[in-house]
Structures are given as C-alpha cells and as structure tokens.
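I have placed the structure first, in the form of structure tokens, so that the comments after it can refer back to it.
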Amino acid sequence: MDKKKDLASTFLETYYLLRRYNMLWYGKNFGGLDPRQGQGRILMALQRMRSATQRELGLILDIRPQSLGELLQKLESNGYIQRRRSEIDRRTLIVELTAKGELFQLRKPDYSELFIYLTAEEKRILKQSLEKISEQLEEMFKKENDDEFY
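Right under this line is the structure:
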C-alpha cells in the first residue's frame, strides 16, 4: 500500500473520530448542540456579540430568515436564548443569551484525555507535526485565495 495514502487515510480516520468525539460530548452535555453548526453557531455568535437583532444574526451567519427563525424558536423553547422587542423599533426582535445559553460557551470537551497514552516525546512530535500541517494549509489558502479566508 502507498505510504502517502496510508498516512492520509489514518489522518482522515482520526479527524472523523474526533468529530464523533465532539458530537458525543456535546450530545451528553448540551443535547447535541455543536458550536460549529446550526443552533450552536448562533449561541457562539451571541457569546461574542452579547445581543443582536434577529436580522443582524441572519446576515452575520448567512442564514435565511425563515431558517433562523426556526433555529431561534428551538433555542428559546430550550431556554438558551430570549427574544424581546426593541424599545426603539417595535418591529425589531433583539436576541440575547440566557444563563443557560452562557453556560454553553463556557464548557468545552477536555481533549487532554485523548493524549494520555502518548509519552511526552510523542506529544511534542505530534504537536510539531500538526503545526507544520497547519502552516502548510494556511500558506496554500493564502496563495490560492488571496487572503479570502483571513
């Protein structure tokens, strides 16, 4: 078997297992809300913004108004956010995190448990290798997209 393909396959398998680990952790702790998707993305955006209008959220996250409304309804019914009318313009809905929504951002998986079987030297080598891969990917994106991702 080709070593490059074997390494790539191993790397991709590890990536998919990490995604499953995240989904399992967020599933146990937050009913499956992932900070990179759907409702989780909204909560993460609100953490940075503190509060926003429903329209601002839709523009920032590039979510259609109807889809955003459905996601916000779910978050509100589960106690993660609250919506209220603006005192300035009664047509505008302001979205804010509740205490439960703030807790979502504060808790993250403890990835250190994934590395307990590695020696200090193996951890150092893995870290260096991942940093090299990340630097290479960043350079590729810069050359290919003229800072589109930055």
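Under my numbering, residues 1297 to 1446 are what the sequence shown spells out, in order. Yeah, the Cβ is synthetic: ideal placement off N, Cα and C, and Gly gets one too. If you're wondering where the values come from, they're calculated on a predicted model, not measured in any experiment.
Nearest-angstrom beta carbon gap, residue j and residue i [assumed within contact, 8 Å]
i, j, result
"I1338", "L1367", "6 Å"
"Q1343", "L1371", "So it is not a contact: roughly 13 Å between Cβ atoms."
"T1376", "K1404", "This sequence places Tyr at residue 1376; Thr is not what is there. Not quite, the Cβ-Cβ distance comes to about 16 Å (not below 8 Å), so this is no contact."
N-terminal and C-terminal residue of the beta strand (DSSP E) that residue i is part of
i, result
"E1372", "Per DSSP, E1372 belongs to no beta strand (DSSP E); it is in the alpha helix (DSSP H), 1361-1373."
"L1414", "Run containing L1414: none; DSSP gives neither H nor E here."
"I1377", "1377-1381"
"L1389", "1389-1393"
Buried versus exposed, by CB contacts within 10 Å (16 or more), residue i
i, result
"A1348", "buried"
"L1320", "exposed"
"F1277", "Residue 1277 is absent from the model: the chain starts at 1297 and stops at 1446."
"F1326", "buried"
Straight-line gap, residue i to residue j (C-alpha atoms, nearest Å)
i, j, result
"Q1432", "A1341", "28 Å"
"T1415", "M1345", "41 Å"
"R1420", "T1306", "19 Å"
"S1408", "S1382", "44 Å"
"N1318", "R1380", "32 Å"
"R1386", "I1359", "22 Å"
"E1418", "I1384", "58 Å"
"L1308", "S1430", "15 Å"
"K1428", "N1374", "42 Å"
"F1411", "N1441", "34 Å"
"M1436", "T1388", "42 Å"
"L1426", "D1406", "19 Å"
Delimiting residues of the alpha helix (DSSP H) encompassing residue i
i, result
"R1337", "1334-1345"
"L1353", "1350-1357"
Same chain, Cβ closer than 6 Å to residue i, five either side skipped, listed in chain order
i, result
"Q1378", "E1392, T1394"
"K1438", "none"
"E1434", "none"
Contacts around residue i, its chain only, beta-carbon distance under 7 Å, and the 5 residues preceding and following it disregarded
i, result
"L1353", "I1338, A1341, L1364, V1391"
Chain-order list of residues whose beta-carbon lies under 8 Å from that of residue i (same chain, five-residue window excluded)
i, result
"P1361", "Q1350, R1351, G1354"
"L1357", "R1337, I1338, A1341, L1364"
"D1302", "none"
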